[in-house]
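**Q**
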Amino acid sequence: MSNLNIGIGVFVMMLALMAIRIPIGLSMFIPGALGYMLIASDTALLNHLKGAVYARLSVYDLSVIPLFMLMGAFAMHGGLSKALFEFSNAILGRFKGGMAMAGVLACAAFGSISGSSVATTATIAQVAYPEMRKLNYSGRLATAALATGGTMGILLPPSVTLMIYAIITEQNITKMFLAAYAPALLAAIGYLLAIAIYVRLYPEHAPEPSKPTRQEFLRAAKNVWPIGLIFTLVFGGIYGGIFTPTEGASIGTAMTFLIATLRGNMSLPILQKSLLSTAQTSGMIFMIFIGADMMNACLALSQLPNELAGSVASAQVSPVLVMFSIMLFYVILGCVMDEMSMILLTVPVIFPVIIGLDFYGLPPSDKALWFGVLILMVCEIGMIFPPVGLNVYIMNGLAKDVPMSETYKGVIPFLISDAIRMVLLIAFPGITLWLVHRLT
Amino acid sequence: MNFSYFYMTTSNSFIHQVIGRLCQISASIGGLVLVALALMTLASVIGRAFFSSPIQGDIELVQLGCAVCVACFLPYTQFQRANIIVDFFTDKCSDKTKQFLDGFGALLIGLCFSVLAWRLAVGGLINKENGETSMLMSIPVWIPYLLMVPGFVLTAIVSFVQSIDLLFNRSQESA
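So the sequences go chain by chain: A and B.
Just so it is clear: in the first sequence, position 1 is 1 by my numbering, and no numbers are missing.
Just so it is clear: in the second sequence, position 106 is 546 by my numbering, and no numbers are missing.
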């Protein structure tokens with residue numbers, strides 16, 4: 001059996017294991033280990049395992065993942081979400097559908113200090129959803145806006161998924177962070193427009209707006225400054241090159257803890273809860289990491305990624321067409337798979353293909369950033385795309401009176417906006433790269 | 441693709457309680473390591489900014505601390521059965537079938553983590569013999585290696601207990 005065939009066999013076995021509910025990390029680890037043994041030898045495998053786990057986990061950049069997660073957990077308990085939503089509503093409440101827009105804006109703001117799209121949706125929805133229902137927003141619009149708004153958490157720094165992409169493709173995390181802002185801004189604008197158009201076409205889904213008073217605005221602004229301060233200090237420091245992402249994350253964690261404490265929201269049980277939830281989610285991610293690492297070691301030996309990259313590059317197909325096909329493939333894959341695992345699983349194989357193709361003459365480092373943003377966008381779409389959009393599930397758990405089918409209907413305008421954004425970002429890589437080139 | 445949210449609280453035999461407690465302790469230790477790393481990094485940044493004296497080798501400490509911290513987290517994740525699975529293809533299967541497959545999965549995790557724990561321990565011992573140390577601070581590398589072993593051993597134990605529960609104790613999940 002040639003090494004290439006072993007590589008393909010390993011891939012097939014992995015998919016089979018996944019299909020029968022074997023945890024994803026393990027579904028990668030076992031075929032990877034078997035393949036490694038077949039290509040090299042059993043002693044080689046045992047030798048590899050001796051140092052691989054420690055080598056994989058003792059990486060400086062990896063520490064940002066649990067740190068930013070802990071920061072997000074503290075921020076969740078910091079009582080910041082209410083202030084954020086009130087402030088956003090004071091700005092956007094004057095428009096029809098304004099409170100739904102405020103929900104989206106609050107999600108964007110919370111997403112820029114939290115690394116998880118699920119946590120963003122859950123946190124903002126807890127304060128925003130009851131308010132919207134009180135004012136007679138339809139369940140369809142309210143749940144869809146919040147589920148969609150939360151997806152920005154996966155793109156906006158410090159997104160965990162984004163950091164994972166940067167780490168496995170060995171990109172500079174700071175540059176990767178910067179590349180995400182313009183696409184996220186486009187997302188927010190697109191979502192706000194989608195709401196504005198939707199409530200114009202179907203006015204029964206939102207109440208008539210009432211103009212917020214000046215006092216309301218000032219009161220809301222007074223409560224929202226800590227978020228601005230955390231954001232400015234942590235990310236200003238990172239982008240300004242004053243400190244590393246790990247240092248920024250440490251500072252942010254300390255600050256969110258301090259704010260939660262000062263607001264009287266911190267206690268020993270909450271601290272323990274935050275630590276345990278960080279442990280659980282980090283453990284989940286690193287389990288996949290360990291499996292993906294074994295898989296990649298095996299695939300690298302089999303030469304499969306290189307062969308694939310070579311044959312795609314010599315196939316005389318338009319690179320942009322390849323990109324669109326890859327994106328379509330990801331959307332389909334996202335229907336059956338978790339977004340994080342999807343990245344860990346496919347990027348090692350697809351990434352060399354992308355780097356091997358010529359896109360508008362971009363240098364490899366720019367291509368890596370651009371592709372990272374595109375793949376994150378597909379993940380965003382996957383969070384709200386039927387049949388299993390995780391954010392829709394979360395929203396459904398919080399808003400039990402709205403059937404999930406209603407939320408999926410409400411999500412359609414946002415998906416259209418996402419599709420337009422996707423085409424724009426593929427056609428004009430400059431949108432993604434502008435800020436990176438400007439600031440570094 | 442959902443997380444499985446089943447907790448093992450349905451069985452409260454002595455062994456389950458002990459294991460649950462150990463996993464929580466392990467996760468808390470990992471959490472405290474993480475907090476310590478954050479505080480040290482903070483101190484280093486402050487030291488660098490105001491006294492131009494950062495903590496020597498802070499990056500190295502973060503590296504090995506991170507590895508130990510993750511190893512401490514793994515048993516708790518397994519205990520909560522929070523590892524991601526694809527449930528799209530088995531959605532229509534009976535609960536009994538799902539439970540059997542989950543038990544099989546837990547068994548495989550137990551086996552793999554036993555092997556990993558063994559290899560980590562061997563790797564640590566070899567590093568100790570060779571006197572391998574970190575570059576800046578000359579910390580012996582075998583220390584973080586061996587500190588990771590308990591987490592992997594505990595993960596294996598948790599998985600084996602879960603697989604026995606799921607494979608032989610049919611009422612578990614329905615409870």
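Quick reminder that beta carbons are idealized off the backbone N, C-alpha and C, glycines included.
Can you tell me whether P352 of chain A is helix, strand or coil according to DSSP?
**A** helix
**Q** Could you list the residues in the segment 517-550 of chain B with a C-beta less than 7 Å from some C-beta on chain A, going in chain order?
**A** T517, Q520, A522, N523, I524, I525, V526, D527, F528, F529, T530, K538, L541, D542, G545, L548 and I549
**Q** Could you please give the first and the last residue of the uninterrupted alpha helix (DSSP H) stretch that includes T161 of chain A?
**A** Counted as a single uninterrupted DSSP element, the alpha helix (DSSP H) harbouring T161 of chain A occupies residues V160 to I168.
**Q** Evaluate A106 of chain A with the Cβ neighbour count: other Cβ atoms within 10 Å of its Cβ, from every protein chain shown; 16 or more gives buried, anything less gives exposed.
**A** buried
**Q** In terms of DSSP beta bridges, what is P580 of chain B paired with?
**A** B:T573
**Q** Would you tell me roughly how many angstroms separate the C-alpha atoms of I597 of chain B and V555 of chain B, rounded to the nearest one?
**A** 12 Å
**Q** Please identify, using Cβ separations under 9 Å, the residues of the segment 338-363 of chain A that lie next to chain B, in order along the chain.
**A** Answer in chain order: D338, E339, M340 and S341.
**Q** Establish whether the CB of A476 of chain B and some CB of chain A are separated by less than 8 Å.
**A** no
**Q** Name the two residues that bound the continuous alpha helix (DSSP H) containing K367 of chain A.
**A** P364 to I384
**Q** Which residues, in chain order, does the segment 246-271 of chain A contribute to contact with chain B at a C-beta distance below 8 Å?
**A** T246, E247, A249, S250, I251, T253 and A254
**Q** L276 of chain A touches chain B at which residues, Cβ-Cβ below 8 Å?
**A** Q464, A467, S468, G471 and Y516
**Q** Closest to M499 of chain A by C-alpha separation, out of A:T246, A:A128 and A:S210, would be which residue?
**A** Nothing about residue 499 of chain A can be read from this structure; chain A reaches only from 1 to 440.
**Q** Taking Cβ positions only, does F446 of chain B come closer than 8 Å to chain A?
**A** With a pLDDT of only 43 at F446 of chain B, under 50, the local geometry of the prediction cannot be trusted, and the value read off the model is given with reservation. By this cut-off, F446 of chain B is not an interface position.
**Q** Would you check if the distance between the CB atom of V378 of chain A and the CB atom of M340 of chain A is smaller than 8 Å?
**A** With respect to the 8 Å criterion, V378 of chain A and M340 of chain A are not classified as neighbours on the basis of their beta carbons.
**Q** Chain B beta carbons: is any one of them nearer than 8 Å to that of M295 of chain A?
**A** Closer than 8 Å: no.
**Q** Across the segment 497-511 of chain B and the segment 42-60 of chain A, are there enough close Cβ pairs to call them in contact, namely three or more that are closer than 8 Å?
**A** Because the criterion of three Cβ pairs below 8 Å is met, the segment 497-511 of chain B and the segment 42-60 of chain A touch.
**Q** Residues of the segment 50-65 of chain A with a CB closer than 7 Å to any CB of chain D: list them in chain order, please.
**A** The chain labelled as chain D is not found among the protein chains of the depicted structure, namely A and B.
**Q** Between Q612 of chain B and E86 of chain A, what straight-line distance do the alpha-carbon atoms span, to the nearest angstrom?
**A** A caution first: Q612 of chain B carries a pLDDT of 47, below 50, which makes its placement in the model unreliable, though a value can still be read off. One C-alpha to the other measures close to 45 Å.
**Q** Got a sec? Which residues, its chain only, sit under 7 Å from A511 of chain B by beta carbon, not counting five neighbours each side?
**A** M588, G591 and F592.
**Q** Let's test the definition: count the other Cβ atoms within 10 Å of the Cβ of A443 of chain A and tell me whether it reaches 16, buried, or not, exposed.
**A** Coverage of chain A is limited to positions 1 through 440, which leaves residue 443 of chain A absent and any answer about it impossible.
**Q** Alpha helix (DSSP H) containing K273 of chain A: first to last residue?
**A** L268 to S302
**Q** In chain B, which residues lie less than 8 Å from S117 of chain A when you measure between Cβ atoms?
**A** By Cβ distance, chain B contributes nothing, its closest Cβ being about 14 Å from S117 of chain A, past 8 Å.
**Q** Over the uninterrupted alpha helix (DSSP H) stretch that includes N223 of chain A, give me the two end residues.
**A** R214 to Y239
**Q** Beta-carbon separation of G550 of chain B and S603 of chain B under 8 Å?
**A** Yes, Cβ-Cβ distance for G550 of chain B and S603 of chain B is below 8 Å.
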